[in-house]
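Only one structure is covered here, and it is reproduced in the block below.
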Amino acid sequence: MATLVSRSLTLLVVILILSGALSAGALRFDLLSGHTKCISDDIKVGAMAVGKYHIVEAEGSSELPDSHRISLRVTSPYGSSLHYSESVQSGNFAFTSSEAGDYLACFWAPDHRPPTTIAFEFDWRSGVSAKDWSSVAKKGQVDIMELELKKLEDTIKSIHEEMFYLREREGEMQVLNGRTNTWMAWLSFLSLGICLSVAGLQLWHLKNFFERKKLL
Numbered sequence: 046m047a048t049l050v051s052r053s054l055t056l057l058v059v060i061l062i063l064s065g066a067l068s069a070g071a072l073r074f075d076l077l078s079g080h081t082k083c084i085s086d087d088i089k090v091g092a093m094a095v096g097k098y099h100i101v102e103a104e105g106s107s108e109l110p111d112s113h114r115i116s117l118r119v120t121s122p123y124g125s126s127l128h129y130s131e132s133v134q135s136g137n138f139a140f141t142s143s144e145a146g147d148y149l150a151c152f153w154a155p156d157h158r159p160p161t162t163i164a165f166e167f168d169w170r171s172g173v174s175a176k177d178w179s180s181v182a183k184k185g186q187v188d189i190m191e192l193e194l195k196k197l198e199d200t201i202k203s204i205h206e207e208m209f210y211l212r213e214r215e216g217e218m219q220v221l222n223g224r225t226n227t228w229m230a231w232l233s234f235l236s237l238g239i240c241l242s243v244a245g246l247q248l249w250h251l252k253n254f255f256e257r258k259k260l261l
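Residues in the sequence shown are numbered from 46 upward in steps of one, following the numbering used here.
See the structure below:
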């Protein structure tokens with residue numbers, strides 16, 4: 046029974062990763078002027094990541110006003126700046142991750158009076174989905190079947206690496222939970238010791254008080 050559940054969970058994880066890798070696309074966001082919107086992506090070490098962004102024209106408008114501009118900063122889990130653009134209407138970035146964890150892409154727009162809402166599309170891909178398969182096919186002169194097989198090979202490799210990455214993160218969380226439980230146990234004993242000490246001091250003080258008043 047346990048083996049069946051484990052296989053079902055593994056299959057579910059594979060399906061989710063495959064669906065995420067194959068169906069990744071641009072997302073649309075609304076950004077109020079004078080505010081910041083951040084999007085995060087959990088990326089493993091050595092993975093390639095690419096991003097494209099551009100402001101979307103408002104309905105009924107033939108061109109973007111000059112005031113419709115956004116700024117972007119992409120940072121690593123430890124705060125290193127990987128990309129920065131200021132007051133642009135579109136742009137792109139690419140990097141290979143050197144740290145594992147949550148990478149942040151923060152957009153902000155200059156303050157306007159009255160406030161305006163700027164719509165933009167953001168396409169952020171990492172791992173297998175970040176590769177340009179059309180250029181691979183053109184460069185290697187391979188047919189559709191070979192291309193699909195290469196896609197599948199890289200997808201399986203990515204899933205395999207992702208499973209090891211998740212296992213490492215699970216081990217880190219178990220170590221952290223163990224340390225937290227140890228600290229909580231010591232804190233509980235310390236709190237108990239302090240409470241007993243305070244109770245003993247109160248009893249000693251009351252005993253001396255009653256003896257001075259000759260009530261004992």
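Every residue gets a Cβ at the ideal spot worked out from N, C-alpha and C, and that includes glycine.
Quiz item: Does the distance from the CB of Ile-100 to the CB of Ser-78 come in under 8 Å?
Solution: no
Exercise. Kindly provide the ranges of any beta strand (DSSP E) runs that are 3 or more residues long and lie completely inside the region 131-218, ordered along the chain.
Key: 135-141, 146-153, 162-171
Quiz item: Which stretch, first to last residue, makes up the beta strand (DSSP E) that contains His-113?
Solution: No beta strand (DSSP E) contains His-113, which DSSP labels as neither H nor E.
Quiz item: Nearest to Glu-207 by alpha carbon, out of Asp-199, Ser-85, Lys-89?
Solution: Lys-89
Quiz item: So what's Lys-97 in DSSP terms, helix, strand or just coil?
Solution: strand
Quiz item: Between Ala-139, Glu-166, Leu-109, Ser-143, which lies nearest to Ser-125 when the distance is taken from Cα to Cα?
Solution: Ser-143
Quiz item: Would you call the region 78-87 and the region 151-164 in contact, with 3 or more CB pairs under 8 Å?
Solution: yes
Quiz prompt | Buried or exposed (CB count within 10 angstroms, at least 16 for buried), His-113 | solution = buried
Exercise. State the CB to CB distance for the pair Tyr-98 and Phe-140, rounded to an integer number of angstroms; the pair is presumed to be in contact (CB under 8 Å).
Key: Wrong, their Cβ atoms sit about 15 Å apart, outside the cutoff.
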